[in-house]
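A quick write-up on the structure given underneath.
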Amino acid sequence: MKENYSYRLEFSKKGLLRYISHLDLLRLFQRAVRRAEIPVVFSQGFHPIPKIKFERALKLGVESEGEKLFLRLYIPLAPEELATRLNSQLPPGIQIQKVSKLSN
Numbered sequence: 017m018k019e020n021y022s023y024r025l026e027f028s029k030k031g032l033l034r035y036i037s038h039l040d041l042l043r044l045f046q047r048a049v050r051r052a053e054i055p056v057v058f059s060q061g062f063h064p065i066p067k068i069k070f071e072r073a074l075k076l077g078v079e080s081e082g083e084k085l086f087l088r089l090y091i092p093l094a095p096e097e098l099a100t101r102l103n104s105q106l107p108p109g110i111q112i113q114k115v116s117k118l119s120n
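Note that this note's numbering has the sequence shown beginning at 17, numbered continuously upward.
What follows is the structure in structure tokens.
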């Protein structure tokens, strides 16, 4: 079995993007991860999806800072590189503030 590397990302959701739904926010991050060419682990099965998990769903219309998102990668990346690559693909209003590598 291949080794996975877990990361916790803290992000902010501000401006007009506070009106984005939880499922749309999940799709937004899935697409940003793909465009940034992040080596994310995919689920197994007929329709694989990236292993992205939010700590909790955000209410619609609420701005927030310090929201947590968890990613599993199959190649380790430096936290700074992961933040830079993702921020370059995210729209204004969503920004990665901090990335922490979790112990496996």
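For each residue, glycine too, the CB sits at the ideal point set by N, CA and C. Bear in mind the structure is a predicted one, so any value in this text is a computation, not a measurement.
Beta-ladder partner(s) of residue i, from DSSP
i: residue 27; result: 83, 112
i: residue 21; result: 89
Whether residue i touches residue j by CB criterion (8 Å)
i: residue 65; j: residue 59; result: yes
i: residue 111; j: residue 27; result: yes
i: residue 22; j: residue 88; result: yes
i: residue 109; j: residue 30; result: yes
i: residue 20; j: residue 49; result: no
i: residue 86; j: residue 24; result: yes
i: residue 107; j: residue 41; result: no
Endpoints, the alpha helix (DSSP H) within which residue i is located
i: residue 106; result: Here residue 106 belongs to no alpha helix (DSSP H), and DSSP marks it neither H nor E.
i: residue 121; result: The question about residue 121 has no answer, for the chain in this structure spans 17 to 120.
### Complete beta strand (DSSP E) runs within the segment 58-97 (minimum length 3 residues, chain order)
68-70, 80-89
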